[in-house]
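J.: Following this message is one structure expressed as structure tokens.
There are 2 protein chains.
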Amino acid sequence: MSGSTGSTTGTGTRTGSGAKTDGRVERGNQTRRLVLGRTMDIASIEGLEGLSLGRIATELELSKSGVFALFGSKEELQLATIRAAAAVFAEQVVTPLKDVPPGASRVRALCRNWLTYSSDRVFSGGCFFYAVSAEFDARTGPVHDAVARARLDWTAYMERSLSEARAVGDFAEDLDVEQIAFEVIALMEAANAQSVLLGDTRAYGRAEQGVTARLRSAATARGRAALTDPA
Amino acid sequence: MSGSTGSTTGTGTRTGSGAKTDGRVERGNQTRRLVLGRTMDIASIEGLEGLSLGRIATELELSKSGVFALFGSKEELQLATIRAAAAVFAEQVVTPLKDVPPGASRVRALCRNWLTYSSDRVFSGGCFFYAVSAEFDARTGPVHDAVARARLDWTAYMERSLSEARAVGDFAEDLDVEQIAFEVIALMEAANAQSVLLGDTRAYGRAEQGVTARLRSAATARGRAALTDPA
DNA sequence: GAGATGTCCGCACGGTCGTGCGTTCAGTAC
DNA sequence: GTACTGAACGCACGACCGTGCGGACATCTC
Numbered sequence: 000m001s002g003s004t005g006s007t008t009g010t011g012t013r014t015g016s017g018a019k020t021d022g023r024v025e026r027g028n029q030t031r032r033l034v035l036g037r038t039m040d041i042a043s044i045e046g047l048e049g050l051s052l053g054r055i056a057t058e059l060e061l062s063k064s065g066v067f068a069l070f071g072s073k074e075e076l077q078l079a080t081i082r083a084a085a086a087v088f089a090e091q092v093v094t095p096l097k098d099v100p101p102g103a104s105r106v107r108a109l110c111r112n113w114l115t116y117s118s119d120r121v122f123s124g125g126c127f128f129y130a131v132s133a134e135f136d137a138r139t140g141p142v143h144d145a146v147a148r149a150r151l152d153w154t155a156y157m158e159r160s161l162s163e164a165r166a167v168g169d170f171a172e173d174l175d176v177e178q179i180a181f182e183v184i185a186l187m188e189a190a191n192a193q194s195v196l197l198g199d200t201r202a203y204g205r206a207e208q209g210v211t212a213r214l215r216s217a218a219t220a221r222g223r224a225a226l227t228d229p230a
Numbered sequence: 000m001s002g003s004t005g006s007t008t009g010t011g012t013r014t015g016s017g018a019k020t021d022g023r024v025e026r027g028n029q030t031r032r033l034v035l036g037r038t039m040d041i042a043s044i045e046g047l048e049g050l051s052l053g054r055i056a057t058e059l060e061l062s063k064s065g066v067f068a069l070f071g072s073k074e075e076l077q078l079a080t081i082r083a084a085a086a087v088f089a090e091q092v093v094t095p096l097k098d099v100p101p102g103a104s105r106v107r108a109l110c111r112n113w114l115t116y117s118s119d120r121v122f123s124g125g126c127f128f129y130a131v132s133a134e135f136d137a138r139t140g141p142v143h144d145a146v147a148r149a150r151l152d153w154t155a156y157m158e159r160s161l162s163e164a165r166a167v168g169d170f171a172e173d174l175d176v177e178q179i180a181f182e183v184i185a186l187m188e189a190a191n192a193q194s195v196l197l198g199d200t201r202a203y204g205r206a207e208q209g210v211t212a213r214l215r216s217a218a219t220a221r222g223r224a225a226l227t228d229p230a
């Protein structure tokens, strides 16, 4: 019974945001989005364990059981929140570059998008994935796995962008892509952390400075030219 | 009432581990240490909010009210846990270098101590302060302030070590100490994060490589010599 | 119209949480 | 010996937690 309820709503999510039938009102999906919009912000501030069905229901003037029925379990709510946050992240950081050709300047744009995504507080508590990574890093279970997967995807995307830039001749052929990806991501996350914890926005400048130096020192003459471009 | 109890036990801690009178048995302080040893580990894995008096009491075969009475409130337990973790951190990372003269190699040793402190899992969930920083970064209150203070202290210590190394001629006079401190700490924390979340210990190698490159590129000839030393 | 479907609510459950009471008990002082 | 102190306990409280059942109420299908 509870299983059927849970799997129904769960499947509804997994199939995406498309209408179930054409033209349906979809009040459910609307409430879902309302809830997820709130849970993403809460989780970025207080963590995924800080989500409480009662609190969400009160804040959104819904009933606790209504929220519960939408997701089937608290864990499924957490997983849905992660998926929703991944979509927002992609939309903010990755999608704007979908038509930008590979190269050093594209990598730099990717980093700038990330820093803007963090400093603009797309999520109230700073980068969503920084918050929940630290929260679930040492635990086990589906939520940890989902967080780890998201991070792997992001790292892989950064590495791919660097590889492509190397392939078009913007970086030296012997560039250690994984190393520079590690360093660049480290700098950006540190800026997020310092900014959120201490309210010190200078950290974003330090990160940008560090990222630029890393990219520049790895670039070929062609790459350096691209990095000096107006953008 | 509860206030007086809390402040009493709180003061007991702040005065340190010394005996209250000479030769006293101090069962209380012993239990305190037992509890804090456990809470530091729990908090590094599940966060300071993951601490629960009942759970701690069960695990250590104490009564919940006994644990509660020792600290006076949950928040005071969290603060005591932070103080205890700071002491452990200092003992592991900073104290071993108290007789090492300032210089580039001392800075490198400081970084190595940190990476060892993280990779040896002095706390089960990796660096304690990484975990609780992310947990409380976007909140307000005494716990946030204590975490922020600890981080400021650590950053300041790193910057001082770099300044001293610059003063003895190991780094260029125009070195931006705050910038390199930011970058070095970013690399180390990223290694901690990646290692704990993904179980990928290669991250420590990447961090060490990055740190060495940063220090080397900032060093004078004298500093480079120090960095090439056997140690 | 009647019926089916899905959304959301009211309400209750068992459990755990932090807190606080009074009490027991070991160790010290007199 | 008695008196005192502090540590730890047993127990209970109100609040909140996630979960689940059954029903109300729209909306769509026939």
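Here the protein sequences line up with chains A and B, keeping their order.
Take the first sequence: its position 206, counted from the start at 1, is 205 in numbering that gives the first Met the number 0, and no numbers get skipped.
Take the second sequence: its position 221, counted from the start at 1, is 220 in numbering that gives the first Met the number 0, and no numbers get skipped.
Note that CB positions come from ideal geometry on N, CA and C, so glycine has one too.
1. How far does the alpha helix (DSSP H) with CYS110(B) in it extend, from its first residue to its last?
2. If you measure from the CB of LYS73(B), is any heavy atom of the ligand PLP nearer than 7 Å?
3. Quick one: Cα of LYS73(B) to Cα of ARG150(A), how far?
4. Tell me, to the nearest whole angstrom, how far the beta carbon of SER194(A) is from that of SER118(A); I am working on the premise that it is less than 8 Å.
5. Quick check on DSSP: helix, strand or coil for ALA218(A)?
6. At a Cβ threshold of 8 Å, is GLN178(B) touching chain A?
7. From ALA133(A) to ALA130(B), what distance separates their C-alpha atoms?
8. On a Cα-Cα basis, can you pick out the residue from ALA108(A), THR38(A), ILE44(A) and ALA189(A) that is closest to ARG54(A)?
9. Helix, strand or coil: how does DSSP classify ASP21(B) here?
10. Under 8 Å by Cβ, that's how I've got LEU196(B) and ALA147(A) pegged, so tell me the actual separation to the nearest angstrom.
11. Using only the alpha-carbon positions, how far apart do SER160(A) and CYS110(B) sit?
12. Alpha carbon to alpha carbon, how far is THR57(B) from THR80(B)? Give it in angstroms, no decimals.
13. Nearest by alpha-carbon distance to CYS126(B): which of ASP173(B), ALA220(B) and ASP40(B) is it?
14. Check whether the segment 138 to 145 of chain B and the segment 181 to 194 of chain B are in contact - that is, three or more C-beta pairs closer than 8 Å.
15. Pull the bridge partners of ALA170(B) from the DSSP assignment, please.
16. Excluding the 5 residues flanking ARG121(A) on each side, which residues of the same chain have their C-beta closer than 6 Å to its C-beta?
17. Roughly how many angstroms separate the alpha carbons of MET187(B) and LEU114(B), rounded to a whole number?
18. Tell me where the alpha helix (DSSP H) around THR57(A) begins and ends.
19. Mind checking which residues open and close the alpha helix (DSSP H) that includes VAL176(B)?
20. Should GLN178(B) and GLN178(A) be called a contact, given that it needs their Cβ atoms to be closer than 8 Å?
T.: Based on what the coordinates show:
1. Segment 103 to 118, the alpha helix (DSSP H) holding CYS110(B).
2. Among the components of this structure there are no ligands whatsoever, and the ligand PLP is therefore not found.
3. 33 Å
4. With 8 Å as the limit, SER194(A) and SER118(A) qualify as a contact, their Cβ atoms being about 7 Å apart.
5. strand
6. yes
7. Straight-line Cα distance between these residues: approximately 6 Å.
8. THR38(A)
9. Residue placement at ASP21(B) cannot be trusted, given a pLDDT of 35 that sits under 50; what the coordinates show is reported in the next sentence. ASP21(B) falls in the coil class under three-state DSSP.
10. So it is a contact: roughly 6 Å between Cβ atoms.
11. 30 Å
12. 18 Å
13. ASP40(B)
14. no
15. According to the sequence as given, residue 170(B) is Phe; it is not Ala. ALA218(B), per the DSSP bridge assignment.
16. Reading off the sequence, residue 121(A) comes out as Val, not Arg. Cβ within range, chain order: GLN91.
17. 7 Å
18. 52 to 59
19. 176 to 197
20. At the C-beta level, GLN178(B) and GLN178(A) stay beyond 8 Å of one another.
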